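Colleague: One structure coming up, written as C-alpha cells, with questions to follow.
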Amino acid sequence: MKHLRNFFSSNGRLGRIKYLAYCIQLLFLALLIGALGDKQVFTWAILILYILFIIQTIKRLHDLNLSGWWVLLVLVPIVNILVGVWALLKKGTIGKNKYDF
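The opening position of the sequence shown corresponds to residue 259 in the working numbering, with each subsequent residue numbered one higher.
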C-alpha cells in the first residue's frame, strides 16, 4: 500500500531506472485503454495518466536536486522531449539532497 501511496505523491525522489519503468507502465496503460475503451473513456484516461506522469517527473526532478516547478517545461513543445531525455540520462544527486524526506 505504501508503494501505491508513493506513486500518487510528488514527495521524495525517483531514480532513472524506476522513472523509466513508471513511464513505460503509464504508456502501456494508455495504449491498453485506447485499444479497449471508447473515445470519451480514452480522453479521460489520458488526462489522468498525464497527471500521473507529471507527478513521477516531479519526483525525478527532485532526485536531480531541482524544484518540481521545472516540470512546466514539459508543456513546451520540443523542449519537453529534451527534458524527458535529459531526465532519463542524467544521474541523480548522490546522497541526501534538499528533497529527501
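Here a beta-carbon is modelled for each residue, glycine too, at the ideal position from N, C-alpha and C.
Note that the coordinates shown come from a computational prediction; the quantities given were computed from them, not determined experimentally.
Thinking Ile316 and Val329 are a contact (beta carbons under 8 Å), I'd like their distance in whole angstroms, please.
Modeller: Yes, they are in contact, since the Cβ atoms of Ile316 and Val329 sit about 5 Å apart, within 8 Å.
Colleague: Which one of Arg263, Gly273, Ser267 and Asn269 has the shortest CA to CA distance from Gly353?
Modeller: Answer by Cα proximity: Gly273.
Colleague: Does DSSP put Val334 in a helix, a strand or coil?
Modeller: Val334: coil per DSSP, three-state reduction.
Colleague: Have a look at Phe398 and Ile291 and give me their C-alpha separation to the nearest angstrom.
Modeller: Residue 398 cannot be examined here, being either before or after the span of the chain that is shown, 259 to 359.
Colleague: Keeping to the same chain, check which residues put their C-beta closer than 8 Å to that of Gly295; ignore five residues upstream and five downstream.
Modeller: Excluding residues within five positions, the ones whose Cβ falls inside 8 Å are Ala303.
Colleague: If you draw a straight line from the alpha carbon of Tyr357 to that of Ala288, how long is it in whole angstroms?
Modeller: Answer to the nearest angstrom: the Cα atoms are 30 Å apart.
Colleague: Let's see if you can read the secondary structure: which residues bound the alpha helix (DSSP H) around Leu294?
Modeller: Residues Arg274 to Leu294.
Colleague: Leaving out the 5 sequence neighbours to the left and right, which residues in its chain are closer than 6 Å to Val337 when beta-carbon positions are compared?
Modeller: Cβ within range, chain order: Leu331.
Colleague: As a quick exercise: from Trp344, Gln283 and Gly326, pick the residue whose alpha carbon is nearest that of Arg271.
Modeller: The residue with the shortest Cα to Cα distance from Arg271 is Gly326.
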